[in-house]
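Numbering (the UniProt record's numbering), first residue to last: 1 to 363. Don't be surprised by glycine CBs; every beta carbon is placed ideally from N, CA and C.
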């Protein structure tokens, strides 16, 4: 069995993104984490509530983060963690301004009136200095009597926002470093979901219930007899069938989307064995028809010893739309592991391939 060294192809690494820590020995490979949702929550917590007031009763406070547009990533390469982000923010503020004597004479109640508006920050980036932020302050009403609140926002609120925005980068790194770097001896590929495989007796009890869904009960030809079922999937990739075929058969491409070299790869040929994701996935090629068909014996490490499913890929190229549809048929998946198997497939195969090679937008 030949264990190949990792030789990464020339790729646009900005497309590499993960939703959890992947196998990355010695923290060497480029790993990228999309943290937009976390950042939006963080900015809401840090910016909303920022306030200022004057002795005459004029006041203002950030009341809401209306929108955040752009990208926020935390990346790791060769043991170094960095963050790259560039977003546009729009905040809403509310405040009060004292009533003028003429307004009181007109019968307006109370001593103050409400004011609200927006603060737009066109660019908040990883390399923006504290004095480089631009704040566009607007009031919802053109009433000149509300200008004191707008001035208060400019003079007292925006300096506070500058200081808080400068802390975003360091907080991104400190919060997400643990998801991108693995301590020595840590097996990140263990991120594969573990599922409970149902025994024959448990399925028999389930099948006694007329409300239970029926499943296949055939065992693998050369493995233990267990209760199995069949899964199917269909995914669209913006690439040619030949490129998608190579992604599943070229060890360099496999190393790219799995973020580590295969532990075993005997070649894309009938009978060629493989082990990927740190040994969590193993199997062998049983049939290949370039560039339209791949069949494999395939198993997860936690499945019953000796049991393999049959995984079939068909690549159907649509030249009109410049896409290839991958039709997957998966026979022999142990009953009880369907949800985790499908989740692992979508996360570690489909999403990773789309992001790594730019074959589509991951939803």
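Just checking, does the segment 227-237 make contact with the segment 322-333 on the three C-beta pairs under 8 Å criterion? Put simply, the segment 227-237 touches the segment 322-333. At least three CB pairs are less than 8 Å apart.
Classify residue 174 as buried or exposed, calling it buried when 16 or more other Cβ atoms lie within 10 Å of its own Cβ. With fewer than 16 Cβ atoms within 10 Å of its Cβ, residue 174 is classed as exposed.
Suppose the cutoff is 6 Å on Cβ atoms and the five residues either side in sequence are ignored; what does the same chain contact list for residue 310 look like? For residue 310, where only same-chain residues beyond five positions count, the Cβ hits under 6 Å are 331, 332.
For residue 352, the first and last residue of its enclosing beta strand (DSSP E): No beta strand (DSSP E) contains residue 352, which is instead part of the alpha helix (DSSP H) from 352-357.
Within the same chain, show all residues whose beta-carbon is closer than 7 Å to that of residue 112, passing over the 5 residues directly before and after it, in chain order. These residues qualify, in order along the chain: 57, 96, 97, 98, 99.
Are residue 162 and residue 133 close, meaning C-beta to C-beta below 8 Å? Yes. Within cutoff.
Alpha carbon to alpha carbon, what distance is there between residue 354 and residue 346? If you draw a straight line from the Cα of residue 346 to the Cα of residue 354, it is about 10 Å long.
What would DSSP say about residue 153, mapped onto helix, strand or coil? It is helical.
Three-state secondary structure (DSSP) at residue 162? Note: residue 162 maps to helix in three-state DSSP.
Check whether residue 283 and residue 296 have beta carbons under 8 Å apart: Contact: yes.
What is the rounded straight-line gap between the Cα of residue 127 and the Cα of residue 155? Approximately 24 Å between the Cα atoms of the pair.
As an exercise, report each continuous alpha helix (DSSP H) stretch of at least 4 residues that is fully enclosed by the segment 240-280, in chain order. The qualifying runs are 241-249, 251-258.
Out of 52, 50, 176, state which residue places its alpha-carbon closest to the alpha-carbon of residue 73. Checked all of 52, 50, 176; the closest Cα to residue 73 is 176.
Using 10 angstroms around the beta-carbon of residue 258, count the other beta-carbons present and answer buried if the total reaches 16, otherwise exposed. When all chains shown are included, residue 258 counts as buried.
Residue range of the beta strand (DSSP E) that includes residue 118: Run containing residue 118: 112-125, per the beta strand (DSSP E) assignment.
Using C-beta distances below 6 Å, list every residue in its chain close to residue 148, excluding the 5 sequence neighbours before and after it, in chain order. Take residue 148, set aside five residues on each side of it, and the residues of its chain with a beta-carbon closer than 6 Å to its own are 58, 97, in chain order.
On the DSSP letters alone, give me the boundaries of the alpha helix (DSSP H) that residue 372 sits inside. What is shown of the chain runs 1 to 363, which leaves residue 372 out entirely.
Closest to residue 250 by CA distance: which of 285, 335, 225, 238 is it? Put simply, of 285, 335, 225, 238 the residue whose alpha carbon is nearest the alpha carbon of residue 250 is 285.
Within the continuous alpha helix (DSSP H) that includes residue 344, where are the two ends? Residues 338-344.
Taking 8 Å as the cut-off, decide whether the C-beta atoms of residue 60 and residue 121 are in contact. One thing to note: residue 60 has its Cβ no nearer than 8 Å to the Cβ of residue 121.
Going by the CB atoms, is the gap between residue 245 and residue 359 shorter than 8 Å? Contact: no.
Could you give the residue range of the beta strand (DSSP E) that holds residue 90? Per DSSP, residue 90 is one residue of the beta strand (DSSP E) stretching across 80-98.
Own chain residues within Cβ distance below 6 Å of residue 136, not counting five before or after: Excluding positions up to five away in sequence, the list reads 120.
Through-space distance from residue 125 to residue 40, alpha-carbon basis: In a straight line, the C-alpha of residue 40 is about 14 Å away from that of residue 125.
Between which two residues does the beta strand (DSSP E) harbouring residue 313 extend? That run of the beta strand (DSSP E) goes 309-318.
Would you kindly work out how many angstroms separate the C-alpha atoms of residue 200 and residue 304, rounded to a whole number? Its pLDDT being 40, under 50, residue 200 is placed unreliably by the model, and the measurement read from it follows with that caveat. Cα-Cα distance, rounded: 13 Å.
Should residue 322 be labelled buried (16 or more other beta-carbon atoms within 10 Å of its own) or exposed? Under this definition residue 322 is an exposed residue.
Considering only C-alpha positions, which residue in the set 334, 337, 313, 317 is nearest to residue 350? Out of 334, 337, 313, 317, 313 has the C-alpha closest to the C-alpha of residue 350.
Pick helix, strand or coil for residue 334, following the three-state DSSP scheme. Reduced to three states, the DSSP call for residue 334 is strand.
DSSP three-state assignment for residue 70, whether helix, strand or coil: The DSSP-derived three-state label of residue 70 is strand.
On the DSSP bridge list, what partners appear for residue 75? In the DSSP assignment, the residues bridged to residue 75 are 32, 82.
Beta strand (DSSP E) containing residue 138: first to last residue? Where residue 138 is concerned, the enclosing beta strand (DSSP E) stretches over 136-139.
Does DSSP classify residue 226 as helix, strand or coil? In this structure, residue 226 counts as coil in the three-state DSSP scheme.
Hey, how far is the Cα of residue 290 from the Cα of residue 268? Roughly 11 Å between the two C-alpha positions.
With DSSP collapsed to three states, give me the class of residue 177. Of the three classes helix, strand and coil, the one that applies to residue 177 here is helix, per DSSP.
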